């Protein structure tokens, strides 16, 4: 039988053929993915102006970064954004998915409608919502006035919402630094939740449909209340899905750019810089006149480290609660 | 069944139907919230600049008409209303002197200004933008199909040194978000002389790692014995891919096409950075510029937004099941 194994080895160990099949995709991945990713790391140690490397500066870009108040505030703004989008999107998506999982008539219709914004370009979505948030002529203020509320400045409002709520309750004084995200950022958060929720609903719904029916049957026979069924059966068995949705929504939210670029300002990141998120800051430092691509690369690496460590932390924390 | 049982049963059913009504009510609130922005976009796109300023806003675009001659109605803009006298000051749509007429003489009729679409299309080179996006999308879709099928085949069926490590390295690239490598990518494209060219929008996107992954997983489900037997019988490797593997993978290939089309059509940051002129600028970047230049012409902006999303939305309504399924498996959110 040795001739057969020789034949096999000859026939199937063929690195040259394999290389031929891998080259088209491999070349693109190496040149346009691996090379730029490696370069981002390298560039962050250089001074790069107008696309030209001016000299090695060691860790100077990082030192500058740590002392840059705009960098820290953009990081804080991004954190507010993520902290707004992720829980809101998860809660509403889970609610919708649980409702849709009740043997609903017209399930396909609801799913199609909820998913519609996901296939709509973010540019168009941003334009439409900017118009809805228009302080004088916008639809949202019109609804607010219908129900007797005052009109808000939305995307033009730099005041923090905690400060605004406190003001609404009659407190004239509010500590600096606790103003919270600006109303403008809240408006951007609303748009992000609206745009992405359909995606999370579909994932949650698939997760719910994967839970075997006999668990529910057993719970019903034991006389469990709907709340008990949810917390003791659905929630633990859904946890791998919840984990995935949490992770992917967080990672995507950290990269928010288009809505900020199109809905806020001018200048972009306004009002008063309260919506300047980290990716916009990176874009501004990298591509605006007078920017420094080495510096922008340092910002990019910080973003990467954050996303990577979030992935790892979330994995570790949530894994312990995930029941497979 | 005792009377008490029946009573209990009826009570249970009422409660059940009440809670079902609640479920549908919540779901419909969701429908309204998701749909109203689209309705508002289309409504606005069909209004006149004057009607946009009207408060409260109209849901169905409406025009005001006065009878200029018996049986001839001409459209006017309302300048002001005098509630006490019951009169309305109007001005002809094309311009001209302001006249005051009796309130009852002004008639409102639905008026959809489709001409806004033509106007928006004229005000920026949207034909060019459209052409650019379609061209880039076609090349990316074709390229991704070819590169993914070949690479997935090598990863799934061929045996070579370091195969699984290379595959894992490929997959790990997916974890790095685009903003991280956009600056060095720009420098690379500058060095290649590709800024403001179609290559800049096409070539870097000719490999889609997730598509390779998906196809490889599918190829692995096709029995290896079939492959071994075919090769021993003298079937060439490429013929096996072309004649056996690909026809068995139609559903996955459709998903690959969907990622490529939706991803390319809606991509924004990359073409924003890599193009500076109208010549190769794709639709999304053109639309963004249009919105920044127009400022207050909301009806034109909404018309442009509508015709920019129309092709994907129409495709979505025809193939929503496929599209939802594909995008949901990909983890693609933008």
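Residue numbers (the working numbering), protein chains in the order written: chain A, 11 to 334; chain B, 458 to 791. All C-beta atoms in this analysis are idealised placements derived from N, C-alpha and C, irrespective of residue type, glycine included. Being a predicted model, the structure only gives us computed values, none of them experimental.
Under the 10 Å beta carbon count, residue 754/B is surrounded by 16 or more other beta carbons and is classified as buried. Annotation: residue 189/A to residue 90/A spans about 12 angstroms, alpha carbon to alpha carbon. Note: residue 559/B is bridge-paired with 544/B in the DSSP secondary-structure output. For residue 501/B, the C-beta contacts it makes with chain A under 8 angstroms involve 141, in order along the chain.
Annotated three-state conformation of residue 675/B is helix, per DSSP. Contact between residue 666/B and residue 631/B is confirmed by a C-beta separation of about 5 angstroms, below the 8 angstroms threshold.
Two segments are said to touch when three or more pairs of C-beta atoms, one from each, lie closer than 8 angstroms; by this definition the segment 765 to 776 of chain B does not touch the segment 147 to 165 of chain A. Taken in chain order, no unbroken stretch of beta strand (DSSP E) lies wholly in the segment 697 to 746 of chain B with a span of 3 residues or more. In this structure, the CA atom of residue 106/A is about 13 angstroms from the CA atom of residue 206/A. The Cβ neighbour count for residue 208/A, taken over all protein chains shown within 10 Å, is at least 16; the residue is labelled buried. Interface flag for residue 487/B against chain A is set, since a Cβ pair is found closer than 8 angstroms. Taking the Cα of residue 759/B as reference, the smallest distance to any Cα among 76/A, 97/A, 135/A is reached at 135/A. Cβ neighbours of residue 709/B within its own chain (closer than 8 angstroms, five residues either side excluded): 671, 672, 675. Residue 172/A has its alpha-carbon roughly 44 angstroms from the corresponding atom of residue 662/B.
DSSP places residue 569/B outside both helix and strand once states are collapsed to three, so it counts as coil. Under the 10 Å beta carbon count, residue 177/A is surrounded by fewer than 16 other beta carbons and is classified as exposed.
Residue 596/B and residue 660/B have their C-alpha atoms some 9 angstroms from each other. A Cβ of chain A is located within less than 8 angstroms of the beta carbon of residue 497/B. Of the residues assessed, residue 540/B falls on the exposed side of the cut-off, its CB having fewer than 16 other CB atoms within 10 angstroms. Cβ-Cβ separation between residue 764/B and residue 574/B: approximately 6 angstroms, consistent with a contact (criterion under 8 angstroms).
CA-to-CA, the gap between residue 203/A and residue 644/B works out to about 34 angstroms. The beta carbons of residue 85/A and residue 303/A sit about 20 angstroms from each other, so the pair does not count as a contact at 8 angstroms. In this structure, the beta-carbon distance from residue 229/A to residue 285/A does not fall below 8 angstroms. By the 16-neighbour rule on beta-carbons within 10 angstroms, residue 614/B is buried. In this structure, residue 689/B and residue 705/B do not form a Cβ contact; the two beta carbons are roughly 20 angstroms apart against a cut-off of 8 angstroms. Around the beta carbon of residue 123/A, 16 or more other beta carbons lie within 10 angstroms, which makes this residue buried.
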